[in-house]
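K.L.:
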Amino acid sequence: MNLFFNRKNLISYTVDTAFDNNLSISVQNGEVVVSAPWYLSNKQIQTVVSEKTNWILGKLKEYEERKNLGYENIILFGKTYLTKINFKHIKTPEVTLNTNSIDIILPISYKEKNISSVIDFICNKLYTEIANQELEAILEKIRLTLKLAPENIEIKYMKNVLASCEEGETIIVNPELFKYKKEIIEYVIIHEFCHLKYKTHTKSFYSMIKKYVPNYETLANDIHGMQY
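Taking this note's numbering, the leading residue of the sequence shown gets 606, the next gets one more, and so forth.
So, in structure tokens, the structure goes:
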């Protein structure tokens with residue numbers, strides 16, 4: 606953990622090493638995460654954190670306000686859903702996805718417990734179900750476009766990784782990819798499909814991506830703190 610402080614504020618943050626030249630800052634569940642190229646020094650990273658102090662503090666304040674109200678945000682396909690947690694006399698948790706909100710109803714016996722792990726489990730299950738529902742159509746579209754197909758597709762949670770291509774045969778998709786808008790989802794999966802032909806990030810690899818996703822650099826800038 607790293608610390609930055611000035612006369613008024615103290616910010617703690619963790620640094621994840623990125624394997625490209627992009628540096629990004631995100632606030633994830635009340636924690637500040639900096640994704641930075643491996644060659645940047647701690648001093649250079651701290652300078653960027655200092656420049657973004659007001660933005661970071663604003664995001665942390667938003668998180669605390671939602672937390673104090675009993676609300677959390679869940680993001681699906683780039684859209685933020687306001688989530689409210691209620692308790693009722695039921696046996697198992699229930700989740701309802703509405704147009705602009707998500708209702709999570711928990712058994713009343715959970716009321717005196719720390720429910721953060723339960724909410725995390727419910728959110729993970731929600732993302733996994735959506736991935737299972739949506740992924741095949743996206744994959745079929747990309748297969749027909751690129752005329753390529755992996756040996757296998759897996760849906761699996763990975764820390765700070767949205768997708769990967771293992772040994773040039775299996776594409777693994779993190780369900781959290783479905784937090785992003787569909788254009789970004791397709792770009793990330795196309796990125797992995799290109800690894801079926803080019804194992805490393807060569808000039809030919811990026812030329813292939815650009816052929817099918819001309820604005821891939823713009824889309825890449827919207828992905829914070831995650832690798833693929």
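For every residue, glycine included, the Cβ atom is placed at its ideal position computed from N, Cα and C.
From a predicted model like this one, the values you see are computed outputs, not experimental measurements.
Okay, do the region 795-802 and the region 812-820 touch, 3+ Cβ pairs below 8 Å being the bar?
P.N.:
Yes: the two stretches touch, three or more of their Cβ pairs being nearer than 8 Å.
K.L.:
Using a Cβ-Cβ cutoff of less than 7 Å, which residues in the same chain neighbour Leu662 once the five nearest sequence positions on both sides are dropped?
P.N.:
For the purposes of this step, residue 662 is taken as residue 57 along the sequence shown, with counting starting at 1. Answer for Leu662: Asn614, listed in chain order.
K.L.:
Tell me the DSSP bridge mates of Thr704?
P.N.:
Here the question's residue 704 lines up with position 99 in the sequence shown. Answer by DSSP bridge pairing: none, since Thr704 is not bridged.
K.L.:
Where does Val653 fall in DSSP's three states?
P.N.:
Locating residue 653 in the sequence shown gives position 48, counting from the first residue. Helix, per DSSP.
K.L.:
Taking the DSSP output, what are the residues bridged to Thr685?
P.N.:
Residue 685 sits at position 80 when you count from the first residue of the sequence shown. Note: Thr685 sits in a beta bridge opposite Ile680.
K.L.:
Could you round the C-beta distance between Ile727 and Ile709 to whole angstroms and report it? I think they count as a contact, below 8 Å.
P.N.:
The residue given as residue 727 occupies position 122 in the sequence shown. The residue given as residue 709 occupies position 104 in the sequence shown. Their Cβ separation, rounded to whole angstroms, is 6 Å, which keeps Ile727 and Ile709 in contact under 8 Å.
K.L.:
So, helix, strand or coil for Lys808, using DSSP?
P.N.:
Mapped onto the sequence shown, residue 808 falls at position 203. Looking at Lys808 - three-state DSSP - the assignment turns out to be helix.
K.L.:
Quick one: give me the first and last residue of the alpha helix (DSSP H) that Asn757 is part of.
P.N.:
Counting from one through the sequence shown, the residue named residue 757 turns up at place 152. No alpha helix (DSSP H) holds Asn757; the beta strand (DSSP E) holding it covers 757-760.
K.L.:
Going residue by residue through the region 771-833, where are the continuous alpha helix (DSSP H) segments of at least 4 residues, counting only ones entirely within it?
P.N.:
Correct list: 787-799, 808-817, 821-825.
K.L.:
Could you check what DSSP says for Leu711 in three-state terms: helix, strand or coil?
P.N.:
Taking the first residue of the sequence shown as 1, we reach residue 711 at position 106. Here Leu711 sits in strand by DSSP.
K.L.:
Cβ of Val654 within 8 Å of Cβ of Tyr618?
P.N.:
What you label residue 654 is simply residue 49 of the sequence shown in a count that begins at 1. What you label residue 618 is simply residue 13 of the sequence shown in a count that begins at 1. Yes, Cβ-Cβ distance for Val654 and Tyr618 is below 8 Å.
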